[in-house]
Structure formats: C-alpha cells, structure tokens
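J.:
Number of protein chains: 2
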Amino acid sequence: MARKKQYIEEEVIAKAMNLFWRNGYENTSMQMLEKEMGINKFSIYSSFGNKHGVFIASLNAYKVKINSIFDKFKSAKNGVADIKQFFYDSVAINDEPGSQKGCLVTSTYNEFAVKEDEMVKAEMNSFMDNLKEIIIEKLKMDGSKDEDTVLKQANFLLLAKHGLAAASRVNTRKEMEDYIEMTFESI
Amino acid sequence: MARKKQYIEEEVIAKAMNLFWRNGYENTSMQMLEKEMGINKFSIYSSFGNKHGVFIASLNAYKVKINSIFDKFKSAKNGVADIKQFFYDSVAINDEPGSQKGCLVTSTYNEFAVKEDEMVKAEMNSFMDNLKEIIIEKLKMDGSKDEDTVLKQANFLLLAKHGLAAASRVNTRKEMEDYIEMTFESI
DNA sequence: ATTCAATCTAAACAATCGTTTAGTTTTAGG
DNA sequence: CCTAAAACTAAACGATTGTTTAGATTGAAT
Numbered sequence: 001m002a003r004k005k006q007y008i009e010e011e012v013i014a015k016a017m018n019l020f021w022r023n024g025y026e027n028t029s030m031q032m033l034e035k036e037m038g039i040n041k042f043s044i045y046s047s048f049g050n051k052h053g054v055f056i057a058s059l060n061a062y063k064v065k066i067n068s069i070f071d072k073f074k075s076a077k078n079g080v081a082d083i084k085q086f087f088y089d090s091v092a093i094n095d096e097p098g099s100q101k102g103c104l105v106t107s108t109y110n111e112f113a114v115k116e117d118e119m120v121k122a123e124m125n126s127f128m129d130n131l132k133e134i135i136i137e138k139l140k141m142d143g144s145k146d147e148d149t150v151l152k153q154a155n156f157l158l159l160a161k162h163g164l165a166a167a168s169r170v171n172t173r174k175e176m177e178d179y180i181e182m183t184f185e186s187i
Numbered sequence: 001m002a003r004k005k006q007y008i009e010e011e012v013i014a015k016a017m018n019l020f021w022r023n024g025y026e027n028t029s030m031q032m033l034e035k036e037m038g039i040n041k042f043s044i045y046s047s048f049g050n051k052h053g054v055f056i057a058s059l060n061a062y063k064v065k066i067n068s069i070f071d072k073f074k075s076a077k078n079g080v081a082d083i084k085q086f087f088y089d090s091v092a093i094n095d096e097p098g099s100q101k102g103c104l105v106t107s108t109y110n111e112f113a114v115k116e117d118e119m120v121k122a123e124m125n126s127f128m129d130n131l132k133e134i135i136i137e138k139l140k141m142d143g144s145k146d147e148d149t150v151l152k153q154a155n156f157l158l159l160a161k162h163g164l165a166a167a168s169r170v171n172t173r174k175e176m177e178d179y180i181e182m183t184f185e186s187i
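Chains as they are written, first to last, in the numbering used here: chain X, 1 to 187; chain D, 1 to 187.
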C-alpha cells in the first residue's frame, strides 16, 4: 500500500534515551535528537508525537533496560543482602559500555520536581513507591523488626539510593562502593 | 556627573539567586531574571556582563548566605557531633521563609557535571574539597581512627551530604532527619 | 503498469533564547 | 543653567527552540 519505515522505533528510542540520560530533558534539543536518532524531525514527530512523547518513550525504554536488575531484586529471598546487591547492581550499570552516568529516573525525578508535568511526576512517583515497597518487603524478611524501624530504614535506604544515583554522575565507582558498604553498616 | 543606579546589586542578585536555586541555570531565562530582579535587561548586562555573570554572582551570594552555617561548622570542636549538626543546619535552611528547596551548590554540581564550563566546575570542586577537608578534620578529633577509616568515612559523609541535598528537593523534613540519624549510626 | 497512501527531505513556521543597540531620561559638575 | 556621562526604556538583533508543512520519493495493492 505504501512506503515502509526505514528505521525501527525501539532502536532510535534507545539512542534518544541515552541523550536524555546524559543531558536531561530541557538540555536535549530536537536538533540533538535528530542527529543522535539518525532520522528526520518529521519521522520523530510521526512516530512519537512531540518531544514530550519521545521522552516518555525513552523513560519506558529505560525501565525495560533496568528490568533485569529489578526482576532479580524482586524475586530474591535473602532480605537485606538483596537490597545491598541491588545497590551494587545499580552502580554497575554505569560501567557498562555505552552507558551514561547516573540514573535517568533519579535525574528526571530531580529535574521535574519543580515543573508542572503531572504525567512524568506520576510515573516517577509510582516507580519510587514500587521500589520502596520492595525494600520494605526485603527488610521484613529478617523478622524481629518492628513496623516503625522497617519504615524508617526503608526511607533511609530509598534516600540513600537516591543520593547514590545523583552522586554517581560525578563520583567514582570505588567511592560508590565504599558508600554502599557504610550505608548497610547501620541496617 | 551622571545618573545614579536605581537598584542595589546585592538586592537584585539575591532575587536572581533564588531563581537559579529553584530552577537551575538552563531553566532560568533572561526574561525570568528581568521580571524577578525587577530591573531591565540593559541594567542586568551593565552590572553583571551576561547571564553567566549573573549566575557567578548568584553563586557567590549563596556562599555568603550559607557562610554562617559554614563558619559555625569550621570553628566547632566536638568532632563527629559537629558534622551531624552541620547536616541538621543544612536541611533547616530549606524551611526558612523565602528559601528554595535543595542546595544551589549541589544542584549546580549536578547540572554542570556534563557541561564544559571549567569556571563553574572549578568553583564547585573547590567548595566540595573544602567541605571534605573540614569533615576530615572533625573526624580526626575523635582520635583512635586510622587514616584509611577517616578517608572512607569522609567520602561516605560527603556523598551522604550530596544525596541529602539532592533529596531535599523532593523529600520531607522528617525524612531528612531520619536519614541523618541513620547516617551517623555507622560512624 | 498504474495508483495512492505512507515516508521521506528540506524548508519554513512562530516563539523564545541570550545579547545589543538606539534613543530618552536623569543628575552631578562646571 | 548648561553640559555630558551614566542609567534608564524599549525595540530589535541573529540564533535556536519545538513544531508544521509543502513537495519529492517510495512501494504494496489493484
């Protein structure tokens, strides 16, 4: 009936994701996206609607990317040790070839904190809430902890994870790992 | 000989600082600065050169603003307790009237991590290095700690402070304080 | 082979970015 | 009071933002 697309949406979104991951939303322009994705603006708009659509698709691609770590974390059964392993896995991503520094979710969470974009905010909040629930679940595996302690420790770890992701943009792997070790000394 | 300035540079920079503190560098436009500072673009440029100049002046104003906390921290003589107090003082700033969320230095550190602006980067690095030295000094007051432990703990605390500042944009005061308490349990 | 809708290229859109400039108003010194 | 230099207003600058559109090209179905 008509011409075929000369690109695969998953492939070009993976490249867009890397750009957003490195530069954030506002500091990534359509011109940069055009160059990095390797397709024309028209194609970007016909596939994803607008810049915001490209970003949402990139966030989803990022979630898929980190899904293996997340699944491993969810299905683990050792309690606190699983959380620690999750932290290690999270910083290890940054050293994979082609990876950017930091965490797209955390960066987005920070960048959109002062914006009025309920869609992105809701997405980030659900992600954080989900992570918190898993952490609570693992903490409870140790038994012998009262509810207050569990919640306090969960908040602590969630914030530590947040800080770890933010700092991983500028700190070294070694510093990250030292940080993780000391974080879990108080759990 | 000529007309007098109808504004005080310190006053308008204080307003610019609040804007950068809230929105970051790129997400603050000259138009926003014009409105917030209450003076014309011409006046902004004649006083501070360009947008970058306004930002540098804002960073300096921020340093002055947090100087009282910093001086108190430097001159304290109790060791680890001083660091903890410094953390508490740092989060307390955010609840002062007219204050913005988070920390301008940390936000700037993160935003400029992927930029090529050696001037701002050098300024941020010197700030962080300075903070680290003070932390090391306080840690050594306790005596009985070997050099390696001190450095490891200093890195941990610096990263914790970084994370605390990043998270304070989206977390509550209570969560911050719980986090501080647990952070110092492992020191 | 012809048709026609989908995909491409490339140019242009209005709006905004940071910056400059021309022209008016103010004000202290001679 | 007049002069001249500094500070003001407001408009415009070229470049870039995100977005749209006109026209050429492609390719499966008739």
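Backbone N, C-alpha and C fix where the C-beta goes; we use that ideal spot for every residue, glycine too.
1) Any contact of the stretch 34-45 of chain D with the stretch 10-20 of chain D, i.e. 3+ C-beta pairs under 8 Å?
2) Return helix, strand or coil for D:F39, following the three-state DSSP convention.
3) Please report whether the beta-carbon of X:R169 lies at a distance below 8 Å from any beta-carbon of chain D.
4) Given a threshold of 16 other Cβ atoms within 10 Å of its Cβ, counted over all protein chains shown, does X:S68 qualify as buried or as exposed?
5) In the DSSP assignment, the alpha helix (DSSP H) including X:I134 goes from what residue to what residue?
6) Measuring straight from C-alpha to C-alpha, what distance separates D:K63 and X:G49?
7) Got a sec, what are the start and stop residues for the alpha helix (DSSP H) D:I69 sits in?
8) Just tell me which of D:Y179, D:A167 and D:C103 has its CA closest to the CA of D:A61.
9) For the stretch 152-168 of chain D, which residues have a CB atom closer than 8 Å to at least one CB atom of chain X, in sequence order?
10) Anything in chain X within Cβ reach of D:D178, meaning under 7 Å, just list it in chain order.
11) Using a Cβ distance threshold of 8 Å, determine whether the stretch 155-166 of chain D contacts the stretch 82-90 of chain D, with at least three qualifying pairs required.
12) D:T108: buried (16+ other C-beta within 10 angstroms of its C-beta) or exposed?
13) If I measure Cβ to Cβ from D:K138 and keep anything under 7 Å in the same chain, skipping five residues before and after, which residues do I get?
14) With burial defined as no fewer than 16 other Cβ atoms inside 10 Å of the residue's Cβ, what is the status of X:Q6: buried or exposed?
15) Using a Cβ cut-off of 7 Å, pull out every chain D residue sitting near X:N27, in sequence order please.
16) Assuming X:S191 and D:E185 are in contact, meaning their beta carbons sit under 8 Å apart, how far apart are those beta carbons, in whole angstroms?
17) Assuming D:N110 and D:A166 make a contact with CB atoms under 8 Å, what is their CB distance in whole Å?
18) Under 7 Å Cβ to Cβ from D:L33, same chain only, skipping five residues before and after it: list those, please.
19) Verify whether the separation of the beta carbon atoms of D:F112 and D:V120 is less than 8 Å.
20) Is it buried or exposed for X:K115, if we count other Cβ within 10 angstroms and need 16 for buried?
21) Grab the span of the alpha helix (DSSP H) containing X:D89 for me, first residue to last.
22) Is X:A57 buried or exposed, if buried means 16 or more other CB atoms sit within 10 Å of its CB?
T.: Looking at the atomic coordinates:
1) yes
2) Reading off the sequence shown, one finds Ile at residue 39 of chain D, where the question assumed Phe. Three-state result, D:I39: coil.
3) yes
4) exposed
5) E118 to M141
6) 43 Å
7) N67 to S75
8) D:C103
9) K152, Q153, N155, F156, L159, A160, H162, G163, L164, A166 and A167
10) Taking a Cβ-Cβ threshold of 7 Å, the residues of chain X close to D:D178 are K152, N155 and F156, in chain order.
11) yes
12) buried
13) Listed in chain order, the non-local C-beta contacts of D:K138 below 7 Å within the same chain comprise G79, V80, D82 and I83, local neighbours out to five positions each way being set aside.
14) exposed
15) E26
16) The first residue shown for chain X is 1 and the last is 187, placing residue 191 of chain X beyond what the model contains.
17) Here D:N110 really is in contact with D:A166; their C-beta atoms are around 7 Å apart, less than 8 Å.
18) A16, L19, I44 and V54
19) yes
20) Under this definition X:K115 is an exposed residue.
21) Per DSSP, the unbroken alpha helix (DSSP H) holding X:D89 starts and ends at V80 to I93.
22) buried
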